[in-house]
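Protein chains in written order, with the working numbering: chain P, 1 to 112; chain Y, 1001 to 1113.
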Amino acid sequence: GEDVEQSLFLSVREGDSSVINCTYTDSSSTYLYWYKQEPGAGLQLLTYIFSNMDMKQDQRLTVLLNKKDKHLSLRIADTQTGDSAIYFCAERATGTASKLTFGTGTRLQVTL
Amino acid sequence: KAGVTQTPRYLIKTRGQQVTLSCSPISGHRSVSWYQQTPGQGLQFLFEYFSETQRNKGNFPGRFSGRQFSNSRSEMNVSTLELGDSALYLCASSLASADNEQFFGPGTRLTVL
């Protein structure tokens, strides 16, 4: 079945890099996603990676995928206070149409 | 281009009542999915509609239902509300079912008293 796990909390200093980790169980995952949620808001799509890729870079964001270990990470370079939010990873499995299975979310706190 | 819109943004109901939430997808998008977000259960998939047909359904009781209109707007209905139905209900739209990118609306915050 589908299960996605994340650590609950991460604190980093402004200007440092943040690395948020995620593990998933479904080997039929086709796409893996990172979403950001700010207080009182919906989910903002940050980036996604196809399961046959191992890395994707988009400006300050780098996604690494280790398919063998079913491990996904999101690196945010030069973390800013505006990056403080909850970050969700999600997977979409084969044959499930648009259904996303989300992790529990990691709260990122950026300190000065 | 306008994003996904959801109405109303906030709603307060009492147990036993029913509620209808509305979602208008991004122009040109034909797939709409609904999710429930609670502190205890996190984000859970409710259902997806594409071309007015339900494509997939999550593990929710029959009190939760939805539909999609010919203009791709979608509604979800919850009947016989329970306290545990208090949640943020999010809808997401994509161009087609199983499309790579899904974009979420701001959500409807439902409180059941």
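Glycine included, every Cβ here is placed at the ideal spot set by N, Cα and C.
Cutoff 8 angstroms: residue i Cβ touching any chain P Cβ
i: Y:F979; result: With chain Y covering 1001 to 1113 only, the question about residue 979 of chain Y has no answer from this structure.
i: Y:D1085; result: no
i: Y:R1055; result: yes
i: Y:G1042; result: yes
i: Y:P1025; result: no
i: Y:E1048; result: yes
i: Y:L1090; result: yes
i: Y:G1028; result: no
Range of the contiguous beta strand (DSSP E) that encloses residue i
i: Y:L1043; result: G1042 to F1050
i: Y:Q1068; result: F1064 to Q1068
i: P:M86; result: Position check: residue 86 of chain P holds Ile in this sequence, whereas Met was assumed. Unbroken beta strand (DSSP E) run through P:I86: A85 to A93.
i: P:D58; result: M55 to D58
i: P:H71; result: H71 to I76
i: P:N21; result: S18 to Y24
i: Y:A1092; result: A1087 to S1094
i: Y:T1014; result: Run containing Y:T1014: none; DSSP gives neither H nor E here.
i: P:F50; result: L43 to F50
i: P:E5; result: V4 to Q6
i: Y:N1059; result: Run containing Y:N1059: none; DSSP gives neither H nor E here.
i: P:S29; result: S29 to Q37
i: Y:Q1036; result: S1031 to T1038
Sub-8 angstroms separation of residue i and residue j beta-carbons
i: Y:S1097; j: Y:R1067; result: no
i: Y:Q1037; j: Y:L1090; result: yes
i: P:L45; j: P:L61; result: no
i: P:L32; j: P:F88; result: no
i: Y:A1092; j: Y:Y1035; result: yes
i: Y:Q1102; j: P:S29; result: no
i: Y:R1109; j: Y:R1015; result: no
i: P:T23; j: P:K70; result: yes
i: P:T79; j: P:D16; result: yes
i: P:L64; j: P:W34; result: no
Below-8 angstroms beta-carbon distance, residue i vs any chain Y residue
i: P:S17; result: no
i: P:S11; result: no
i: P:S73; result: no
i: P:T96; result: yes
i: P:G42; result: yes
i: P:T23; result: no
i: P:T104; result: yes
Euclidean distance between Cα positions of residue i and residue j
i: P:Q109; j: P:S84; result: 5 angstroms
i: P:Q37; j: P:T106; result: 10 angstroms
i: P:R92; j: Y:L1021; result: 25 angstroms
i: Y:L1083; j: Y:V1112; result: 5 angstroms
i: Y:G1028; j: Y:T1005; result: 14 angstroms
i: P:N21; j: Y:S1086; result: 29 angstroms
i: Y:L1011; j: Y:P1025; result: 20 angstroms
i: Y:E1052; j: Y:D1099; result: 17 angstroms
i: P:Q57; j: P:Y48; result: 10 angstroms
i: P:V19; j: Y:S1079; result: 42 angstroms
Closest by C-alpha distance to residue i, when choosing among the options
i: Y:L1046; options: Y:R1030, Y:H1029 and Y:L1088; result: Y:L1088
i: P:G103; options: P:A90, P:F50 and P:K68; result: P:A90
i: P:L112; options: P:Q6, P:L8 and P:V12; result: P:V12
i: P:L72; options: P:I86, P:D54 and P:L100; result: P:D54
i: P:P39; options: Y:P1106, Y:K1013 and Y:Q1006; result: Y:P1106
i: Y:R1030; options: Y:L1095, Y:D1099 and Y:A1002; result: Y:L1095
i: Y:G1042; options: P:T94, P:G95 and P:I86; result: P:I86
Per-residue contacts from residue i into chain C (C-beta, under 8 angstroms)
i: P:A85; result: The structure shown contains no chain C; its protein chains are P and Y.
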